[in-house]
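In my numbering, the protein residues as written are 176 to 265. Positions of the beta carbon are idealized from the N, C-alpha and C atoms, including for glycine. Quick caveat, the model's predicted, so the values are computed rather than measured. The next block holds one structure in the form of structure tokens; read it before the comments.
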């Protein structure tokens with residue numbers, strides 16, 4: 176996984192992970208990081224999160240937004256899941 180960004184690799188090693196143990200390839204050059212590893216990264220970097228905001232929720236589909244804060248910087252992201260986009264049986 177030599178194409179993992181150097182900073183991410185460094186942070187993963189600092190929390191006792193490696194790119195190989197914490198990531199999986201989505202497609203060539205694109206990796207996803209496991210949720211548990213991201214929780215540990217957020218804790219190490221003192222990243223805080225607001226409560227999620229649900230934009231839409233039904234038994235079959237949910238769309239939510241979350242905002243994270245690192246010092247005086249903030250960023251938000253939207254996520255969604257539905258029966259057609261998830262194989263998990265929650």
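Assuming residue 206 and residue 179 form a contact by the criterion Cβ under 8 angstroms, report the distance between their Cβ atoms to the nearest whole angstrom. 6 angstroms
I believe residue 239 touches residue 229 by the beta-carbon criterion, under 8 angstroms. Please report the beta-carbon distance rounded to the nearest angstrom. 5 angstroms
If we count the other Cβ atoms within 10 Å of its Cβ and call it buried at 16 or more, is residue 187 buried or exposed? buried
Taking the beta strand (DSSP E) that residue 238 belongs to, which residues open and close that run? 236-245
Between the C-alpha atoms of residue 242 and residue 203, what's the straight-line distance to the nearest angstrom? 29 angstroms
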